[in-house]
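Below: one structure, written as structure tokens.
Protein chains: 2
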Amino acid sequence: MVKVRKSKVTPPPTECPLSGCMKLIRGAWTPHVIWYLKAEPRRFSELKSDIKGVSAKVLSTRLKELEEAGVVLREAMNTSPPTVEYSLTELGRELQPAIAAIVSVSEKLKKQKYARLGYAR
Amino acid sequence: MVKVRKSKVTPPPTECPLSGCMKLIRGAWTPHVIWYLKAEPRRFSELKSDIKGVSAKVLSTRLKELEEAGVVLREAMNTSPPTVEYSLTELGRELQPAIAAIVSVSEKLKKQKYARLGYAR
DNA sequence: CAGCATCCCTCATGATACTG
DNA sequence: CAGTATCATGAGGGATGCTG
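Taken in order, these protein sequences are the chains called A and B. Going by the numbering used here, the residue at position 81 of the first sequence is 81; the numbering climbs one at a time, nothing skipped. Going by the numbering used here, the residue at position 56 of the second sequence is 1056; the numbering climbs one at a time, nothing skipped.
Structure (structure tokens):
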């Protein structure tokens, strides 16, 4: 009989903190949005062309979710034609390094994989 | 006429590095797997009970993907009954802080939101 | 114990068209 | 420009049952 060992990793306090994490980065394009907002505020259509392949509907949905979560700030400018600028909130900016770290790891993994397969040259 | 400003964010070298990122953390349970492997190797059924709500099928799929990607190491122990231990590779371990950072931000956002709504007490 | 095979079903995404 | 409405699709996920 194999005994199930007790996990040494403490589970989150109330309910899964990872759930919150998942809600934040849910959606295929969420990392892209945060990525492209890192340097400066961007308008809707700018983001849409920054992020190749995203549809207006999905982009709009993500932006609304991120705004609701407190990651992104939406600011309608009183110009003609009307423009809207999106930017990262202070907390939103804290997500940037995390995403960068994941990207970095995935880059290293890619290289490692090529080497493993002998595609090094 | 509104001019579309050039983005100052450099797009990834060859093709979207964020795609690689997405592939890494794709799947609802991927962060959980990495989270629960951070301290020590875990067996399949241990992980399954660590991660409440995950099905064997999905867990198995994620583990296979992560192993294929080079994030997780699978080691079959020659015991009876057979046991299999999963652990993080060196690069896999680099993902841990990133996930922790995202969790941290999501916790802060949650508190901020409660405060905003007046549920502070 | 450690999975794989199957069936089903929901949700996110994509495309298209339209509005303020 | 900055979206919303509607429809169609399909991949990911859950449940169950079976194998080595």
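Built from N, CA and C at the ideal position, the CB exists for glycine as well.
Cross-chain neighbours of residue i in chain B, by beta carbon under 7 Å
i, result
"L18 of chain A", "P1031, H1032, W1035 and V1103"
"A98 of chain A", "A1098, A1101 and I1102"
Cross-chain neighbours of residue i in chain A, by beta carbon under 9 Å
i, result
"R1005 of chain B", "E40, R42, R43 and E46"
"E1085 of chain B", "Going along chain A, no residue has its Cβ under 9 Å from E1085 of chain B, so there is no contact; the nearest lies around 11 Å."
Residue i: contacting residues in chain B (beta-carbon distance under 8 Å)
i, result
"L59 of chain A", "Near L59 of chain A there are no residues of chain B at all, since even the closest Cβ is about 14 Å away, more than 8 Å."
"S55 of chain A", "By Cβ distance, chain B contributes nothing, its closest Cβ being about 16 Å from S55 of chain A, past 8 Å."
"L91 of chain A", "V1105, K1108, L1109 and Q1112"
"L95 of chain A", "A1101, I1102 and V1105"
Nearest-angstrom Cβ-Cβ length linking residue i and residue j, presumed shorter than 8 Å
i, j, result
"I1099 of chain B", "I1034 of chain B", "6 Å"
"R1043 of chain B", "V1072 of chain B", "Not confirmed; about 13 Å, so no contact."
"L88 of chain A", "K38 of chain A", "7 Å"
"T1030 of chain B", "R1062 of chain B", "6 Å"
Chain-ordered neighbours of residue i on chain A, where CB pairs are closer than 7 Å
i, result
"G1070 of chain B", "L109, Q112 and K113"
"M1000 of chain B", "Only positions 1001 to 1121 of chain B appear in this structure, which leaves residue 1000 of chain B out of reach."
- [ ] Could you pull out every unbroken alpha helix (DSSP H) segment of at least 4 residues lying fully inside the region 1047-1073 of chain B, listed in chain order?
- [x] 1056-1069
TODO: Would you check if there are 3 or more beta carbon pairs closer than 8 Å linking the region 39-56 of chain A to the region 1057-1069 of chain B?
DONE: no
Open item on the list: Three Cβ pairs or more, each shorter than 8 Å: is that satisfied between the region 68-83 of chain A and the region 1108-1115 of chain B?
Closed with: yes
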